[in-house]
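**Student:**
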């Protein structure tokens with residue numbers, strides 16, 4: 014992740030998208046758990062590209078709370094993109110911190126793999142709502158915090174419709190508590 018490599022990557026994306034500016038570029042820090050890696054140098058490179066008008070907003074991905082805090086001392090951060098779902102909640106405090114700071118939290122793998130007990134509960138909730146388990150998982154995320162913007166994979170128009178329908182699914186307080 015050299016400054017030159019980051020610039021080339023942004024320029025290649027601009028060309029392939031046929032645009033003059035990319036709305037959001039996320040600095041991906043590799044595998045989670047490397048909290049000793051500083052975001053400073055690569056983020057400063059992206060900040061320079063933003064100042065040149067090639068990027069509108071900056072985000073970070075696969076980061077710890079400490080790395081988000083460091084990033085915020087360098088530039089405004091529009092979003093954090095980490096793995097988070099009903100079964101993988103290590104980022105609960107970070108989701109809350111982002112909400113307080115007005116930063117979007119964009120969970121990848123939002124429908125996740127569920128533990129057997131959670132899967133049974135998810136099945137029961139889905140049946141009560143005439144919904145799918147992935148819809149329940151997305152509805153849980155949307156109920157979790159207003160700053161969460163899930164990015165579920167979509168392989169067809171039918172799958173897209175299923176994902177969008179999750180936005181109308183309202184889980185009860187008891188259902189949300191059963192998934193805690």
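In the working numbering, the protein residues as written are 14 to 193. Don't be surprised by glycine CBs; every beta carbon is placed ideally from N, CA and C.
Look at the alpha carbon of residue 53 and the alpha carbon of residue 143, and state the distance between them as a whole number of angstroms.
**Tutor:** Those two C-alpha atoms are separated by around 48 angstroms.
**Student:** Can you look up residue 40 in the DSSP assignment and give me helix, strand or coil?
**Tutor:** Residue 40: strand per DSSP, three-state reduction.
**Student:** Let me check understanding here. Comparing Cα to Cα, which of 101, 148 and 184 lies closest to residue 173?
**Tutor:** Residue 173 has its Cα closest to that of 148, out of 101, 148 and 184.
**Student:** Confirm, please, whether the CB-CB distance from residue 71 to residue 88 is below 9 angstroms.
**Tutor:** Contact flag set, yes.
**Student:** Do the segment 103-123 and the segment 134-142 meet, that is, are 3 or more Cβ pairs less than 8 angstroms apart?
**Tutor:** Output reads no: the segment 134-142 does not touch the segment 103-123.
**Student:** Along the chain, where does the beta strand (DSSP E) that runs through residue 119 open and close?
**Tutor:** Counting along the chain, residue 119 falls outside any beta strand (DSSP E), and DSSP gives it neither H nor E.
**Student:** Does the beta-carbon of residue 58 have 16 or more other beta-carbons within 10 angstroms, so that it is buried, or is it exposed?
**Tutor:** Counting Cβ neighbours within 10 Å, residue 58 comes out buried, since at least 16 surround it.
**Student:** Report the rounded CA-to-CA distance for residue 56 versus residue 161, giving the unit in angstroms.
**Tutor:** Near 23 angstroms, if we compare the C-alpha coordinates of residue 161 and residue 56.
**Student:** I'd like to confirm the pairing. Which residues does DSSP put opposite residue 94 in its beta bridges?
**Tutor:** Bridge partners of residue 94: 74.
**Student:** DSSP three-state label for residue 69, please.
**Tutor:** Three-state DSSP puts residue 69 in a strand.
**Student:** Helix or strand or just coil, what does DSSP make of residue 164?
**Tutor:** Three-state DSSP puts residue 164 in coil, outside helix and strand.
**Student:** Starting from residue 109 and walking both ways along the alpha helix (DSSP H), at which residues does that stretch end?
**Tutor:** 105-114 is the extent of the alpha helix (DSSP H) around residue 109.
**Student:** Of the choices 155, 73 and 35, whose alpha-carbon is the least far from that of residue 64?
**Tutor:** The residue with the shortest Cα to Cα distance from residue 64 is 35.
**Student:** Using DSSP bridges, identify the partner residues of residue 35.
**Tutor:** Note: residue 35 sits in a beta bridge opposite 68.
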